[in-house]
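K.L.:
In case it helps, our numbering puts the sequence shown at residues 21 to 96.
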Amino acid sequence: MKFFLLVLFTGLLVACEKSDKDKREESRIYHSCVERGVEYFKEIGSWPTLKSPPNKGRHAIEVAQERCKRQPKTAF
21 MKFFLLVLFT GLLVACEKSD KDKREESRIY HSCVERGVEY FKEIGSWPTL KSPPNKGRHA
81 IEVAQERCKR QPKTAF
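1. Residues bridged to threonine 69 by DSSP?
2. Alanine 80 and phenylalanine 61 look like a contact to me (Cβ under 8 Å); what is the Cβ gap, rounded to whole Å?
3. Is the region 87 to 94 touching the region 49 to 58 in the sense that three or more CB pairs, one from each, lie closer than 8 Å?
4. Looking at the secondary structure, which residues open and close the alpha helix (DSSP H) in which phenylalanine 96 lies?
5. Using the C-alpha atoms, what's the distance from glutamate 82 back to arginine 44?
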């Protein structure tokens, strides 16, 4: 019984783990999002420090990173 539970638990861990390919794709999407965010803030004249609320005075790259962590496909 213990062996069965060990095998089952190990199988669940392996099934839940993301593949390297998935991790690389997520990283690519995230970094592309941050680049789009940087370009957006430059275009609107808020580079390197944001000029309007709610992020006034914050570094644009930090805000871009935060937004891209939450929604990397749609943040920018």
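From the three backbone atoms N, C-alpha and C, an ideal C-beta is built for every residue, glycine too. All figures in this text were calculated on a predicted structure; none of them were measured in a lab.
P.N.:
A quick look at the data gives this:
1. The residue you call residue 69 lines up with position 49 of the sequence shown. Partner(s): His79.
2. Sequence index remark: in the sequence shown, residue 80 carries index 60 (1-based). Sequence index remark: in the sequence shown, residue 61 carries index 41 (1-based). Right, the Cβ-Cβ distance comes to about 4 Å (below 8 Å), so this counts as a contact.
3. Yes, the region 49 to 58 is in contact with the region 87 to 94.
4. As a first step, residue 96 is located in the sequence shown; it is residue number 76 there, counting from the start. Looking at the DSSP string, phenylalanine 96 is not in any alpha helix (DSSP H), and its letter there is neither H nor E.
5. On the sequence shown, position 24 is the one that residue 44 refers to. On the sequence shown, position 62 is the one that residue 82 refers to. In a straight line, the C-alpha of arginine 44 is about 21 Å away from that of glutamate 82.
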